[in-house]
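Once you know that position 69 of the sequence shown is 1339 in the working numbering, the rest is easy, because the numbers rise by one and skip nothing. Glycine included, C-beta positions come from ideal geometry on N, C-alpha and C. Treat the numbers as computed from the prediction; the structure is a model and nothing was measured.
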Amino acid sequence: MRVAVCPGSFDPVTNGHLDVFRRAATLADRVIVAVLINKTKSSLFSVDERMDMLREVVADLPNVEVDSFYGLLVDYCKEHGVQAIVKGLRAVSDFDYELQMAQMNYRLGKVETLFVSTNPLYSYLSSSLVKEVATHGGSVEGLVPDVVLERLHATLEQRR
Ligand code: PNS
1271 MRVAVCPGSF DPVTNGHLDV FRRAATLADR VIVAVLINKT KSSLFSVDER
1321 MDMLREVVAD LPNVEVDSFY GLLVDYCKEH GVQAIVKGLR AVSDFDYELQ
1371 MAQMNYRLGK VETLFVSTNP LYSYLSSSLV KEVATHGGSV EGLVPDVVLE
1421 RLHATLEQRR
């Protein structure tokens, strides 16, 4: 069985991420969307909230599941029988860092990284931009799944 992981912070998941999950789901028998537990980075949503939203948005993808991890991604891959890391590449600017991580992950754990080219509709999209635009009252409709849109508005409202 081919198992792939789509790792990330997903704070929150965007339609660009979702596009990558859908495409990974056609390449692997099983796809794990793994949320990094990062104790040093502040986030808008808790890991549990991010996982809840992810579970809702991948509910129609039977071979995709959601998990979280702490520590090195290669250790997670070893423990869960993951053969490939699947990442989206939005633009050339993503490439340098992604290549570094792919090479380090291969060195550390002999895990391959597969890059899918992000749908051009979402090539400028990031979780950080979504949060920034939404924080200042801009519309992010169509850029994130509806469930995320609702939670984003509710969370930002609470913080005001
Ligand atoms: O969505 P992000 O924050 O860009 O995702 C980055 C992520 C989670 C893929 C990356 O930081 C990661 O894999 N972190 C786990 C720790 C690790 O394995 N570091 C070495 C990477 S070569």
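- The straight-line gap separating the alpha-carbon atoms of residue 1380 and residue 1344 is approximately 8 Å.
- A residue is called buried once 16 or more other Cβ atoms fall within 10 Å of its Cβ, and residue 1346 is buried on that count.
- Beta-bridge partners assigned by DSSP to residue 1337: 1304.
- For the stretch 1322-1401, the continuous beta strand (DSSP E) assignments of 3+ residues that do not extend past its boundaries occur at 1334-1339, 1354-1359 and 1382-1387, in sequence order.
- Here DSSP, grouped into helix, strand and coil, assigns residue 1283 to coil.
- Annotated as distal: residue 1392 and residue 1278, with beta-carbon spacing of 8 Å or more.
- The beta-bridge partner set that DSSP reports for residue 1278 consists of 1305.
- Counting only the Cα atoms, residue 1274 lies some 9 Å from residue 1351.
- Linking residue 1340 to residue 1412 through their CA atoms gives a straight-line distance of about 31 Å.
- Between residue 1430 and the set 1418, 1404, 1417 and 1409, the nearest pair of CA atoms involves 1404.
- Ordered by chain, the residues meeting the criterion of a beta-carbon within less than 6 Å of a non-hydrogen atom of the ligand PNS are 1277, 1278, 1279, 1306, 1342, 1343, 1371, 1374 and 1375.
- Separation of residue 1282 and residue 1378 (C-alpha to C-alpha, rounded to the nearest whole angstrom) is 28 Å.
- A residue is called buried once 16 or more other Cβ atoms fall within 10 Å of its Cβ, and residue 1288 is buried on that count.
- Taking the CA atoms as reference points, residue 1369 sits about 9 Å from residue 1383.
- The three-state secondary structure of residue 1403, taken from DSSP, is helix.
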